[in-house]
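Taking the numbering used here, I'd label the letters of the sequence shown as residues 36 to 174.
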Amino acid sequence: MSPCTDRVVGKILAGWRYDISGLAPEMRGDYESHLATCEHCRSRQRLHRTIDIGLIVLASVSAFVFLLAFGVIRTVGPRHELAFELAAVGGFLLSIFIFVLVALATPAPMVVARSVHDRLPDGIRERIPEELRVRISGQ
Ligand SMILES: [Zn+2]
Numbered sequence: 036m037s038p039c040t041d042r043v044v045g046k047i048l049a050g051w052r053y054d055i056s057g058l059a060p061e062m063r064g065d066y067e068s069h070l071a072t073c074e075h076c077r078s079r080q081r082l083h084r085t086i087d088i089g090l091i092v093l094a095s096v097s098a099f100v101f102l103l104a105f106g107v108i109r110t111v112g113p114r115h116e117l118a119f120e121l122a123a124v125g126g127f128l129l130s131i132f133i134f135v136l137v138a139l140a141t142p143a144p145m146v147v148a149r150s151v152h153d154r155l156p157d158g159i160r161e162r163i164p165e166e167l168r169v170r171i172s173g174q
């Protein structure tokens with residue numbers, strides 16, 4: 036991979052995990068232009084968002100599987116049913132906790148919202164309130 040074209044800006048971006056969505060628009064300029072020109076930082080940004088979204092998907096699947104396990108245990112009623120049920124509920128709660136943690140600590144939900152927003156037909160996109168549209172699209 037090619038090295039970063041501006042190590043100072045690259046280091047700042049890495050410190051923020053390549054997330055500039057929380058910055059005021061007038062402060063974003065330098066970072067946006069760096070991301071536009073630096074292949075290294077752009078690919079790092081893509082990697083970080085892929086990991087964030089991957090964690091959210093994994094936590095969702097995990098929560099669903101634990102819920103399914105709980106249902107199966109209830110239906111089958113094996114010996115030590117209570118212990119298995121507690122384990123399934125514990126796993127479900129842990130998955131939900133990880134989901135919420137990743138959703139709050141990373142910009143992944145905004146990236147997903149933006150991606151969905153960009154694919155909406157114009158007619159539907161126009162109906163989204165202006166304030167929300169600006170937050171999602173960042174413009
Ligand atoms: Zn860079």
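All C-beta atoms in this analysis are idealised placements derived from N, C-alpha and C, irrespective of residue type, glycine included. Since this is a predicted model, take the numbers as computed values, not measurements.
Look at the alpha carbon of residue i and the alpha carbon of residue j, and state the distance between them as a whole number of angstroms.
i, j, result
"Phe119", "Ile88", "30 Å"
"Asp157", "Thr110", "48 Å"
"Glu166", "Arg52", "26 Å"
"Ile67", "Ile108", "Before going on, a small fix: residue 67 reads as Glu here, not Ile. If you take the alpha carbons of Glu67 and Ile108, they lie about 52 Å apart."
"Arg79", "Thr40", "13 Å"
"Ile17", "Ser172", "In the structure as shown, the chain starts at 36 and stops at 174, and residue 17 therefore has no counterpart that could be examined."
"Ala138", "Pro164", "23 Å"
"Arg170", "Met62", "16 Å"
"Val151", "Ser37", "31 Å"
Any heavy atom of ligand 1 within a distance shorter than 7 Å of the CB on residue i?
i, result
"His75", "yes"
"Thr40", "yes"
"Val43", "no"
"His83", "no"
"His69", "yes"
Can you tell me which of the options puts its alpha carbon nearest to the alpha carbon of residue i?
i, options, result
"Ala98", "Ile131, Ile47, Cys73", "Ile131"
"Asp65", "Arg162, Arg149, Val43, Leu139", "Val43"
"Ala49", "Cys73, Ala59, Leu102, Pro60", "Cys73"
"Ala148", "Thr85, Ile159, Arg168", "Arg168"
"Leu103", "Ala122, Leu90, Gly57, Leu70", "Ala122"
Just to check my reading of the structure: residue i and residue j have Cβ atoms closer than 8 Å, yes? What is that Cβ distance to the nearest angstrom?
i, j, result
"Phe127", "Phe105", "7 Å"
"Asp54", "Pro144", "Contact doesn't hold; Cβ gap of about 12 Å is too wide."
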